[in-house]
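A.B. asks: Have a look at the structure that comes next, please.
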Amino acid sequence: MCVAVPIVEGILVKTAEWILVQKERKEEARIKAIKGEVGGKILINGEKSYSFELKNENFPEGEKDSSLKHSGRGVGLSLRKKLHLLSNFLFSGSILLVFEHFWHGEIVPFFPFLTGARSPEDTYTMLKEMSTVGVSMALLITGIWAIYCFVLERKLQKEGEGNASIA
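This is the structure we're talking about:
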């Protein structure tokens, strides 16, 4: 049942991606508030009220000029997009492995669901397979993802430099 390791890594990566999405949404809302784009009907403590337009004077001096910068240089993938790619890599490979394990009878539709969990000896073998093969697969997928992101970043940088030289 080596497929459990990439699935767990995929869940952790998806959680990190979700946290970054929430931070980006908060930052976008803060920027809209700084620019005065917030207005209209809002709910505060369950009561209907209306907000006023927020202007830059409503924020401390240091926050006026801060803005969301997508990837630092303006060219390339954000960390959130990279994590999304990694989770896609992990989950798509895991789905194929789950099917393969089911096909070979290692996953069954009745308790204990894993044929490797029927006896203590089988459980030891299953855990050994997870710690060797599962971890190796997860590391290999993550390594391929890192190389893919590196190549993609270089390609986007070259395209950005080519577009800058034309302008």
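Residue numbering for the sequence shown follows my numbering, starting at 370 and increasing by one per position. The C-beta atom is built at its ideal place from N, Cα and C for all residues, glycine as well. These numbers come from a predicted model, not from an experiment.
When you compare only the Cα positions, how much space is there between I476 and K451?
C.D. replies: Taking the straight line from one Cα to the other gives about 32 Å.
A.B. asks: Is W387 buried or exposed, if buried means 16 or more other CB atoms sit within 10 Å of its CB?
C.D. replies: exposed
A.B. asks: Between the segment 379 to 397 and the segment 524 to 535, do at least 3 Cβ pairs fall closer than 8 Å?
C.D. replies: Taking 8 Å as the limit for Cβ pairs, the verdict is that the segment 524 to 535 does not touch the segment 379 to 397.
A.B. asks: Thinking G503 and V372 are a contact (beta carbons under 8 Å), I'd like their distance in whole angstroms, please.
C.D. replies: 7 Å
A.B. asks: Beta-carbon separation of V382 and L466 under 7 Å?
C.D. replies: no
A.B. asks: From L483 to V377, what does the alpha carbon distance come to, in whole angstroms?
C.D. replies: 17 Å
A.B. asks: With 16 as the cutoff for other CB atoms within 10 Å, does G462 come out buried or exposed?
C.D. replies: buried
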